[in-house]
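**Student:** For the sequence shown, my numbering assigns the number 1 to the initial residue and increments by one for each residue that follows. Once you've had a glance at the structure underneath, I'll fire off some questions.
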Amino acid sequence: MPHQDLQDPSGVISATEVLRLISEGGPFGLIRHENSSTIDVLLGSVTTLDALSDVPSRTRGAPGPDVLLLVPYRQITERGFVAHDDGAPLVCLQVERHLAVEVSDFVERCPQPELSITDTTYDLDDEQYGEIVRRIVADEIGEGEGANFVVRRTLEGQIEDWSTDRALGVFRNLLLNEVGAYWTFCIQTPERTLIGASPERHISSRSGTVTMNPISGTFRMPSEDISDVELQERLVAFLSDEKERLELMMVVDEELKMMAALCPDGGRVIGPLLKPMSHLVHTEYMLEGTSKLDPRDLLRGSMFAATVLGSPVENACRVVKRYEASGRGYYGAVLAEIGWDEQGQQYLDAPIVIRTADIDPQGRLRVGVGATLVRDSVPEEEVAETKSKLAGLLVALGMAPARSRRSRHSVHELIPPDDPRLTVRNEQLSPFWLNESPFAGEVSDLAGRTVELVSAEDDFSIMLAHMLRRMGMRVHASSWREGDERRLDADVLLVGPGPGDPRATDSPRMAELRRLVAERLHEARPLVAVCLGHQVLADALGFELRHKRAVVQGAQEEIELFGRRELAGFYNTFTAVLPRDGRGLPFDCAVDGDEVVAIRGPGFASMQFHAESVLTPRGYQLLADTVLAALAPDRSSPSSDDQPEGAATVSPP
């Protein structure tokens, strides 16, 4: 969202005047929005709030920002999720003056005092962080607790003779040396100074258009001078790396869950794109949808991005709290600017707080950083990634030498946005989420039918609900905890996905899912089950459940599904296995080796994979087929024809 579209500053003033105003004391925010030639200067007063609902708002006023928020990570407890309570406050800078200064003028006139930083160390050394990587892969991802997790380590140090001038000097260095940042900022309050260059928009809203920007996958720019040909070869190898591709698709799925919750029309996936910075190149997508929600509700409903937490988010919060010994402060949370545009509508612009130094008035420095840990993470590589992510900030702090860098334009010249080596990634994704599907309208045999969708702590259920509504079904969603809220007289009960071991005997969640499935089978009423729900159904039908030989948390696999080859997105550690003699079973099973990936029988149908995932290209059709199979016990399983017998007839939207 370009800066000039967001607000109309009251005037561009000289850097000399900006520095004079700042020298008078008091809170301020300096923000350079992506690609802007000016810096916004926000001056005002600071208050501390308890909740996002307490953020003040004018009913309507002149165009420009009302407030600048520093939202701490612990605010995620507003969603009912867990976090260490480190006391980091929700800070609101109420904007009283909004000015602007040219970047070139500020850089020329800004003070440049030298920094002396002592006692620098990581709270977790390389060996300790590497051990956490091993434990996360084995004990969390390997036990079905989630697809990926981001655990923080913190660089700490002491800056001698800390002052506002020194803060401005660090900000100046970022302006000079970093490229590609969404926000480059210096924000000072009585309690702290935050200085950073965040590459990632968390969420923004402009004229009803909501945008999120999942970024994942990291290419480290070579420190040595290499030719354009060699750099292009390395970039192509990076784009071909399956781990990097799936790492990004996992966070796209996770943020699509948020978009489906916040936007009635869900989210449209745009990209992929390359995001070059001074020391790194990331891959990213943009997600767009429409919403009439208040900015405070958008912030609350999107706390916080999977790119800095993991997925599914609710359980990732538990894992982060177990592995991190202290609170995160503002790391992984957001800054947020809320104001009014020229049309009299509120806007929201909120970057993620990463690549950011948090410095207290005594000069104590803290910089949080983390790597996205997935099933095939290598500890040494993840340790190196945490260091590479801090490279630009360390240069600005004078802790590392600046090096010659290529412009972001040179990277885009080597791999332009329409390069087939980049766009090929979309060929195996769901056209439903790319907004390119000709078959994503009402399903005639499902329109008007009711479904009770039970979430098992994974917001993939919200994406399922969005698809079912698009088919014309009437959906009521409830949590596994909300027994009194369920509408069990619905035409279909859908037991959804969630983390954990389906064999656990001490889990209230698993016990409730087993009870729901058993009752529905006993009543012989239509039942659909997805992922964890599929495993619980398989257990009730007498299948053995065990660990998969190879964990597929966030994987795209080709399977045989009732006579047709399909690509499907899998997020599972456990699986149901076919008995050695599977003949005579009173229902149909689709198997991959001996692993059961789908079941269809009288009044029930299930999928181990996620039809709602962006990783399942024909997911919309497969979900419709599965619901129809549960509703029509005598329906034949789809044949291998292009339009299988018994498959859903979908009208164009």
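Beta carbons: idealized from backbone N, C-alpha and C, even for Gly.
Counting beta carbon pairs with one atom in the segment 117–136 and one in the segment 59–76, are three or more of them shorter than 8 Å?
**Tutor:** The segment 59–76 vs the segment 117–136: no contact.
**Student:** Starting from the C-beta of THR209, find all residues in its chain whose C-beta is less than 8 Å away, skip the five residues before and the five after it, and write them out in chain order.
**Tutor:** Closer than 8 Å at the Cβ level, and outside the excluded window around THR209, lie GLU288, GLY289, THR290.
**Student:** What span of residues does the beta strand (DSSP E) with ALA400 cover, start to end?
**Tutor:** Here ALA400 belongs to no beta strand (DSSP E), and DSSP marks it neither H nor E.
**Student:** Hey, quick one: how far does the alpha helix (DSSP H) through SER104 stretch, first residue to last?
**Tutor:** Note, SER104: alpha helix (DSSP H), 103–109.
**Student:** Could you check if ASP459 is buried or exposed, using at least 16 other CB atoms within 10 Å of its CB as the buried criterion?
**Tutor:** Burial call: buried.
**Student:** When DSSP labels each residue in this structure, what does ILE352 get in the three-state scheme?
**Tutor:** ILE352 falls in the strand class under three-state DSSP.
**Student:** Using beta carbons (cut-off 8 Å, strictly below), is ALA611 in contact with chain D?
**Tutor:** Any reference to chain D falls outside this structure, which holds one protein chain only.
**Student:** Tell me which residues share the same chain as GLU342 and place their Cβ nearer than 6 Å to its Cβ, disregarding the 5 neighbours each side in the sequence.
**Tutor:** The answer, listed in chain order, is PRO63.
**Student:** Quick check on PRO275: buried or exposed, where buried means 16 or more other Cβ atoms within 10 Å of its Cβ?
**Tutor:** Per the sequence presented here, residue 275 reads as Lys, with Pro not at that position. Counting Cβ neighbours within 10 Å, LYS275 comes out buried, since at least 16 surround it.
**Student:** Counting along the chain, where does the beta strand (DSSP E) carrying ASN35 start and finish?
**Tutor:** Taken as a continuous stretch (DSSP letters only), ASN35 belongs to no beta strand (DSSP E), as it is neither H nor E.
**Student:** Check whether the segment 446–461 and the segment 491–502 touch, using three or more Cβ-Cβ pairs below 8 Å as the test.
**Tutor:** They touch, by the three-pair rule.
**Student:** Looking only at its own chain, which residues have a Cβ that is under 6 Å from the Cβ of ILE359, when we skip the five neighbours before and after it?
**Tutor:** Same-chain partners within the cutoff: THR193, LEU365.
**Student:** What did DSSP end up calling PHE460 once you bin it into helix, strand or coil?
**Tutor:** In this structure, PHE460 counts as helix in the three-state DSSP scheme.
**Student:** For GLY266 versus GLU247, is the C-beta spacing smaller than 8 Å?
**Tutor:** In this structure, GLU247 does not lie closer than 8 Å to GLY266 by Cβ.
**Student:** Taking the runs of the alpha helix (DSSP H) that are 4 residues or longer, which of them lie wholly in the segment 475–533?
**Tutor:** Listed in chain order, they are 508–523.
**Student:** Are the segment 332–347 and the segment 164–178 touching by the rule of at least three beta carbon pairs closer than 8 Å?
**Tutor:** No, they do not touch.
**Student:** Can you round the beta-carbon distance between PHE570 and PHE609 to whole angstroms, since I take them to be within the 8 Å contact cut?
**Tutor:** Sure, about 5 Å apart at Cβ, within 8 Å.
**Student:** List the residues that DSSP assigns as beta-bridge partners of LEU274.
**Tutor:** For LEU274, which the question treats as bridged, DSSP gives the partners THR283.
**Student:** Give the secondary structure of GLY11 by DSSP, where H, G and I count as helix, E and B as strand, and everything else as coil.
**Tutor:** Correct three-state label for GLY11: coil.
**Student:** With a threshold of 6 Å on Cβ separation, who are the neighbours of ASN435 within its own chain once the five nearest residues in sequence on each side are excluded?
**Tutor:** So the qualifying residues of the chain are ARG268.
**Student:** Figure out for me which residue from TYR323, LEU30, GLY196, THR16 has the closest Cα to the Cα of ASP105.
**Tutor:** The option with the nearest alpha carbon to ASP105 is THR16.
**Student:** Taking the beta carbon of GLY483 as the centre, do at least 16 other beta carbons fall within 10 Å, making it buried, or is it exposed?
**Tutor:** Flag for GLY483 reads exposed.
**Student:** With DSSP as the reference, identify every bridge partner of TRP183, one or two as the case may be.
**Tutor:** HIS33, SER198, per the DSSP bridge assignment.
**Student:** Is ILE415 helix, strand or coil when you go by DSSP?
**Tutor:** ILE415: coil per DSSP, three-state reduction.
**Student:** Between which two residues does the alpha helix (DSSP H) holding ASP253 run?
**Tutor:** Unbroken alpha helix (DSSP H) run through ASP253: 242–262.
**Student:** In this structure, how does DSSP classify PRO379 when only helix, strand and coil are distinguished?
**Tutor:** Looking at PRO379 - three-state DSSP - the assignment turns out to be helix.
**Student:** Taking the alpha-carbon positions, what's the GLU485 to PHE238 distance?
**Tutor:** If you take the alpha carbons of GLU485 and PHE238, they lie about 48 Å apart.
**Student:** Out of SER478, LYS243, ASP445, GLU143, which one is the CA nearest neighbour of GLY472?
**Tutor:** Of the listed residues, the one whose Cα sits closest to GLY472 is ASP445.
**Student:** Which residue wins for smallest C-alpha separation from ASP349, given the options ALA555, ARG32, SER227?
**Tutor:** It is ARG32 whose Cα lies nearest to the Cα of ASP349.
**Student:** Hey, quick one: how far does the beta strand (DSSP E) through LYS548 stretch, first residue to last?
**Tutor:** First-last of the beta strand (DSSP E) with LYS548: 544–561.
**Student:** Would you tell me roughly how many angstroms separate the C-alpha atoms of SER613 and GLY554, rounded to the nearest one?
**Tutor:** Using only the alpha carbons, I get a separation of about 10 Å.
**Student:** I'd like the list of long-range same chain contacts for GLU145, defined as Cβ closer than 7 Å, with 5 residues on each side in sequence excluded.
**Tutor:** Once the five neighbours on either side are set aside, the close Cβ partners of GLU145 are ASN315, VAL319, PRO499, GLY500.
**Student:** With a threshold of 7 Å on Cβ separation, who are the neighbours of VAL552 within its own chain once the five nearest residues in sequence on each side are excluded?
**Tutor:** The answer, listed in chain order, is PHE570, ASN572.
**Student:** Helix, strand or coil for LEU99? Go by DSSP, reduced to three states.
**Tutor:** LEU99: strand per DSSP, three-state reduction.
**Student:** Just reading off the alpha helix (DSSP H) that THR423 is part of, what are its end residues?
**Tutor:** First-last of the alpha helix (DSSP H) with THR423: 420–423.
**Student:** Using 8 Å as the cut-off, can you tell me whether the segment 225–238 makes contact with the segment 591–610, which would need three or more C-beta pairs spanning the two stretches below that distance?
**Tutor:** At 8 Å Cβ cutoff, the stretches do not touch.
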